[in-house]
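Protein chains in written order, with the numbering used here: chain A, 15 to 279; chain B, 140 to 443.
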């Protein structure tokens, strides 16, 4: 489904502060996998997700999507089959446009955009039904500007937009990190529902070990731009946060400096 | 406001305001697309506006059909916008700089097209003659006068505005708007923003060239310097309209731009009536633009 081979990405090359974000990462994601990616700050999680969509141009390596080499393809072309939502709602929704305009833009993903009216009565009915499922009251706010929504509503809308046109791959880049605990829980539950129903192949970056264990079918831990743990099935079941912490110490040999990884429910 | 003027003067003031307002209405619509939807001042306008005038003048002098000549002028404007977009997207040059480059180049193009710095169109037929002839054919006896010109300009302005409003509600038009609002998002939804920028700039400059072509035919001449300051004029009009109507939807934005242009012309006409010389026009325009731009800040100041 998604094959990453030897991805290398360095930032600040030619300056004293060279950072190696990806240090030869290879990962084979099978169709239907729900991969949770964890690691400390600077481990390369977000860069990895950006490299998959093309938001970051990699220095070395290859990105293959469904057997097709997309390493040199621009973002907009890969985006025809990849949905993405980031921590910043501004990357996946448009504040100045209305809820229905945002959904109409997302509904045309992967298809040509011509001179047909973007939001018709029939579209509205469909959007209303999809928004009602979320249960955040957005179904009555089709004409409202996205800027007037709460953070949780906006991320839920972004999630719907990312999955509306049935993408082959879903990328979630700490999409609940900026939300309050209640909204984060709502958005994460919605994520689980949508991924299961659409059987979406998913990569989810999170800082939160508990979240990484609770959701998904496969867990990948990054450190210093390398994969230090990759477990699924039986090996993953029964894993607990303390096991992950131990694995982290063993594999990385460094102190786990960040409380954020351990704490948070 | 104009109580000290007699009835004939008021009438001529109003007709002049409407005629000039409608002529520059197309300019307002074109500038709206780049200045508001794409959020940058596109200086290509200062080239595409006289380009519209030059092309239509050269073709009319050569004996072309006025409607056809105006159509070609519109296409020339679209091409100018497309060149700016290509310089910006393919060579990754800042959009304002790309506009300046094209504006500068078009100056020479205009001189080449006309063969001289200005062309009189007093002896040639214009689109307004064509309209008057058409009305004659259906039994209406009219000649080319201020009311005919105002009515035909108004009709065309309504048609172009409706086309723009409908376009920005289509899948393609929505993608063009989203390109200006949130480029990161719209790319992540599978849109090639190089193409939407090309389309937006082509449409904007096509409408601006239409304005130039109509002004040349109405005023009876095309001049190499006719484009100087048009971007500021268009931006001032858009901002004046926005201050009155807000920016809630494309329809309101379009109406705001049109009303803004008419009000702008009214303010200019009043300024000239009360004794300011035409040479002061640029200073008046700059003052109006400054005033329109400072409205949000002044409001905040008044509130507290």
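For each residue, glycine too, the CB sits at the ideal point set by N, CA and C.
Supposed contact pair residue j and residue i - C-beta distance, whole angstroms, cut 8 angstroms
i, j, result
"residue 102/A", "residue 24/A", "That pair is no contact at about 24 angstroms."
"residue 356/B", "residue 266/B", "6 angstroms"
"residue 283/B", "residue 274/B", "Going by Cβ atoms, the distance from residue 283/B to residue 274/B rounds to 10 angstroms, so no, they are not a contact pair."
"residue 128/A", "residue 311/B", "6 angstroms"
"residue 206/B", "residue 248/B", "Contact flag wrong, Cβ pair sits at about 23 angstroms."
"residue 138/A", "residue 150/A", "Between residue 150/A and residue 138/A the Cβ distance is about 17 angstroms, and since that is not below 8 angstroms, they are no contact."
"residue 219/B", "residue 245/B", "6 angstroms"
"residue 208/A", "residue 201/A", "Incorrect: roughly 10 angstroms between the Cβ atoms, too far for contact."
"residue 341/B", "residue 208/B", "Their Cβ separation, rounded to whole angstroms, is 19 angstroms, which puts residue 341/B and residue 208/B out of contact at 8 angstroms."
"residue 159/A", "residue 110/A", "7 angstroms"
"residue 351/B", "residue 189/B", "6 angstroms"
"residue 194/B", "residue 212/B", "4 angstroms"
Interface flag, residue i vs chain D, CB-CB below 8 angstroms
i, result
"residue 320/B", "In summary, chain D is missing from the structure at hand, where the protein chains are A and B."
Pair within 8 angstroms by beta-carbon distance, residue i and residue j
i, j, result
"residue 231/A", "residue 175/A", "no"
"residue 99/A", "residue 18/A", "no"
"residue 67/A", "residue 92/A", "yes"
"residue 366/B", "residue 185/B", "yes"
"residue 257/B", "residue 179/B", "no"
"residue 115/A", "residue 168/B", "no"
"residue 237/B", "residue 226/B", "yes"
"residue 153/A", "residue 161/A", "no"
"residue 226/A", "residue 233/A", "yes"
"residue 395/B", "residue 383/B", "yes"
"residue 316/B", "residue 90/A", "no"
"residue 65/A", "residue 49/A", "no"
"residue 59/A", "residue 51/A", "yes"
"residue 20/A", "residue 75/A", "yes"
Test: residue i CB closer than 8 angstroms to a CB of chain A
i, result
"residue 142/B", "In this prediction, residue 142/B scores a pLDDT of 49, lower than 50, which makes its location untrustworthy; the coordinate-derived value is nonetheless stated afterwards. Judged by the 8 angstroms Cβ criterion, residue 142/B is not in contact with chain A."
"residue 443/B", "At residue 443/B, the pLDDT of 47 sits below 50, so the modelled position is not reliable and the matter cannot be decided from this model."
"residue 181/B", "no"
"residue 330/B", "yes"
"residue 325/B", "yes"
"residue 308/B", "yes"
"residue 311/B", "yes"
"residue 105/B", "Residue 105/B falls outside the range modelled here, since chain B spans only 140 to 443, and no answer is possible."
"residue 314/B", "yes"
Cβ of residue i within 8 angstroms of any chain B Cβ
i, result
"residue 89/A", "yes"
"residue 57/A", "no"
"residue 65/A", "no"
"residue 213/A", "no"
"residue 278/A", "Note that residue 278/A scores a pLDDT of 47, beneath 50, so its modelled location is shaky and nothing firm can be said."
"residue 129/A", "yes"
"residue 107/A", "yes"
"residue 230/A", "no"
"residue 182/A", "no"
"residue 123/A", "yes"
"residue 111/A", "yes"
"residue 94/A", "yes"
"residue 115/A", "yes"
"residue 119/A", "yes"
"residue 251/A", "no"
"residue 132/A", "yes"
Beta strand (DSSP E) segment containing residue i, residue limits
i, result
"residue 22/A", "16-25"
"residue 98/A", "96-100"
"residue 236/A", "232-237"
"residue 219/A", "215-219"
"residue 159/A", "Segment: none, residue 159/A is in no beta strand (DSSP E) and carries neither H nor E."
"residue 241/A", "240-246"
"residue 311/B", "Per DSSP, residue 311/B belongs to no beta strand (DSSP E); it is in the alpha helix (DSSP H), 310-320."
"residue 186/A", "183-187"
Run of the alpha helix (DSSP H) containing residue i, from where it starts to where it stops
i, result
"residue 163/B", "146-171"
"residue 34/A", "From DSSP, residue 34/A is part of no alpha helix (DSSP H) but of the beta strand (DSSP E) over 33-43."
"residue 292/B", "285-306"
"residue 91/A", "89-92"
"residue 334/B", "332-358"
"residue 137/A", "135-148"
"residue 207/A", "195-212"
"residue 223/A", "223-228"
"residue 178/A", "Neither: residue 178/A is in no alpha helix (DSSP H) and is coded neither H nor E."
"residue 193/B", "184-200"
"residue 116/A", "113-121"
beta-carbon residue i near the ligand COA non-hydrogen atom, thresh 7 angstroms
i, result
"residue 378/B", "With respect to the ligand COA, the structure shown offers nothing to examine, as it has no ligands at all."
4 or more residues per run - each alpha helix (DSSP H) lying fully within the segment 227-268 of chain B: 234-253
In the segment 47-86 of chain A, which residue ranges form an unbroken beta strand (DSSP E) of at least 3 residues, counting only runs that do not cross its ends? 48-52, 74-79
Considering only residues of the segment 359-406 of chain B, which uninterrupted alpha helix (DSSP H) runs meet the minimum length of 4 residues and lie entirely inside it, listed in chain order? 369-384
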